[in-house]
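Under the numbering used here, think of the first position of the sequence shown as 525, with each following residue one higher.
Don't be surprised by glycine CBs; every beta carbon is placed ideally from N, CA and C.
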Amino acid sequence: MAGFRDIDRALFPIKSITSVIEIFKHHLERTSEPDLALLSIIVGAVENSLTCGRPNAPVQICEPIESSRLPSLEYHTIELLYNKFYTIIKGAVDVPAKNTTKTQYATRELVKKVSDAVWNTLSRSYYKDRAHLQSLYSYLTGNKLDCFGVAFAVVAGCQALGFTDVHLALSEDHAWVVFGETSSETAEITWHGKGNEDKRGQEIGKGVAARSWLYVNNKPVICTRAMEVAALVSAINPSLNATHDAYEVAYLQQELLWLLYDLGHLTKYPMAIGNLGDLEEISSTSGRIPCDILFREAISSARNYYDNMHVYPYTYQGGYFYRNKMYKEAFESWANASDVIRKYNYSRDDEEIYKEFLEIANELIPHIMKVESSGFSANSILKKPECFACLLRFYDGICQWEEGSATPVLHIGWAKPLVNTISKFDAEVRAQVNIVCESNNGDNKMEQKTQANGNTSCLNNNNYCISEKENRNNTDTDLIHAIESKVISDENSE
Ligand SMILES: CC1(C)CN=C(N2CCN(c3ncnc4sc(CC(F)F)cc34)CC2)S1
């Protein structure tokens, strides 16, 4: 049991954000195995005290954040919780005595038993999507965890039992584990979404499920111990309520992400870089790279390490451009996000990314069109053919996402904002968009996806291609009618 070292003990009682950062620094810089359970309990306790604490707790005003006093966290409080966690996990699995020579690798049964130990000690029914349910502090004081929290607790449990081969695998909306001598075994350890039967203990889908965005085409983030620390730091939730954040918690999260960034532990973790970018946009740290560079680094990471199969790096960047009224750039980011999703088949497990594209198509883009069409500036995006091209690429990606999928994506609710948006561009602007056809060797896809009627469509950058079989001298008006008629026919068939 790793647990408390003298250095940790010396940093107690924890009275400031700085001392929490010191403990993380020690675990990351001076140990090979940062103690996931200990670190999760500590940040969970700090987050809980500052976001769910007593409303009339003494608020420090005009104190420098890093030294602002926290409700003091005593060493014995943390130690009690730590030992409670170890007892629960140890009690659930009888691990054979550690034989010092041979390294022990986890088995599917062991992983399932640890998952059951966590699963069976959760409260019977609670609101699973509530905030602040991600840490072991929440688990040990309230028997509540969200779906990420269960996955994290299982990995922390396996670490506490001495299995250094069990690691967290992360997609953009799910978490599972890899384990075994070559880390080639996989296992579900938590639930996903609402009303879905959990698949705990099973290996990760190889069949149709693998084609869905939820499993990112088998390009998940495979964590090291330090990246698991980055995951628990990313999961810190500073929200006090729907409109306010506890700025000390946001500051702690931001400083810990910079610590992990400097140590190189975010290099292969696009979402953590994106989270840091969001925090820097809200409150930039002097002397640090600006948030727009961080969003670009997240995209590079996804392109370099995950075969550009992740969507969120582009929606982090698109959201930044949108909030900063950089609409042409936002269209480009969203078109690039659409180029990722077109490579997948839509499955009912993909609701989260469906909602993301729905919000962009039906809220954000219409808002931009409204704002842009009220002004008459020559610089308006309505005069830019490259913006029209990006919008076509964006919508086309969603159409291709639907092609070959068992579940439809588009419905009439998509068509109205779509047609409304496209028709805001004058004919002479639309005419400047170069829609070219090329041989459909569309190698920019997971594999050649064929549509129901055997047609294929491919597209890269701003060249939009409709395959030979469908190839008429398509003007975009035909395209609009094609999309409209498809959607209406879907509507009728339902
Ligand atoms: C562009 C966005 C809408 C802004 N925030 C986004 N996030 C995406 C999800 N977030 C994450 N940030 C770090 N790591 C992970 S692992 C994971 C899947 C879960 F099941 F484990 C989610 C996630 C953080 C917030 S995407």
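Under the three-state DSSP convention, the category residue i falls into
i: W938; result: helix
i: L669; result: coil
i: L1084; result: The chain is shown from 525 up to 1018; residue 1084 falls before or after that span and cannot be answered.
i: A976; result: Because A976 sits at a pLDDT of 38, beneath the cut-off of 50, its placement in the model cannot be relied upon, and the point is left open.
i: H691; result: strand
i: V957; result: coil
i: S947; result: coil
i: D769; result: strand
i: V933; result: coil
i: I1020; result: With the chain running from 525 to 1018 in the structure shown, residue 1020 is simply not present.
i: I538; result: strand
i: S763; result: strand
i: V617; result: coil
i: I728; result: coil
i: V544; result: helix
Contact test: residue i Cβ vs ligand 1 heavy atom, cutoff 7 angstroms
i: Y840; result: yes
i: Y836; result: yes
i: D697; result: yes
i: A930; result: no
i: A641; result: no
i: L783; result: no
i: G843; result: yes
i: F900; result: no
i: S758; result: yes
i: N741; result: no
i: A755; result: yes
i: A854; result: no
i: L694; result: yes
i: G798; result: yes
i: F949; result: no
i: E880; result: yes
i: M833; result: no
i: F672; result: yes
Endpoints, the beta strand (DSSP E) within which residue i is located
i: C712; result: The displayed chain sequence assigns Glu, not Cys, to residue 712. Per DSSP, E712 belongs to the beta strand (DSSP E) from 709-712.
i: A699; result: 699-703
Residue interval of the alpha helix (DSSP H) (run including residue i)
i: A534; result: 530-534
i: F819; result: 815-829
i: L563; result: 560-575
i: R847; result: 836-847
i: R749; result: 749-758
i: G921; result: 909-926
i: D863; result: 851-865
i: D640; result: 632-643
i: P890; result: 889-898
i: E883; result: 875-883
Proximity test, Cβ basis, 8 angstroms: residue i and chain C
i: G801; result: Protein chains in the displayed structure number just one, and chain C is not present.
Do the stretch 626-644 and the stretch 678-693 meet, that is, are 3 or more Cβ pairs less than 8 angstroms apart? Contact holds between the stretch 626-644 and the stretch 678-693, because three or more Cβ pairs, one in each stretch, are under 8 angstroms apart.
contact_flag[the stretch 825-832, the stretch 734-744] where n(CB pairs < 8 angstroms) is 3 or more: The stretch 825-832 is in contact with the stretch 734-744.
Given 8 angstroms as the limit, is there contact between the stretch 724-734 and the stretch 843-858, that is, 3 or more CB pairs closer than that? Counting Cβ pairs under 8 angstroms, fewer than three are found: no touch.
Whether or not the stretch 592-604 and the stretch 556-572 are in contact is what I'm after, with contact meaning three or more pairs of Cβ atoms, one per stretch, closer than 8 angstroms; do they touch? A contact between stretches requires three or more CB pairs, one per stretch, nearer than 8 angstroms, and the stretch 556-572 meets this requirement with the stretch 592-604.
Contact between the stretch 598-616 and the stretch 785-802 is defined here as three or more beta-carbon pairs at a separation below 8 angstroms; is this criterion met? Not touching, per the Cβ criterion.
Within the chosen definition, does the stretch 812-823 reach the stretch 832-846 through at least 3 CB pairs nearer than 8 angstroms? Counting C-beta pairs closer than 8 angstroms gives three or more between the stretch 812-823 and the stretch 832-846, which meets the contact rule.
When the Cβ atoms of the stretch 704-718 are set against those of the stretch 760-771, are three or more pairs found closer than 8 angstroms? No, because fewer than three Cβ pairs between the stretch 704-718 and the stretch 760-771 fall closer than 8 angstroms, the two stretches do not touch.
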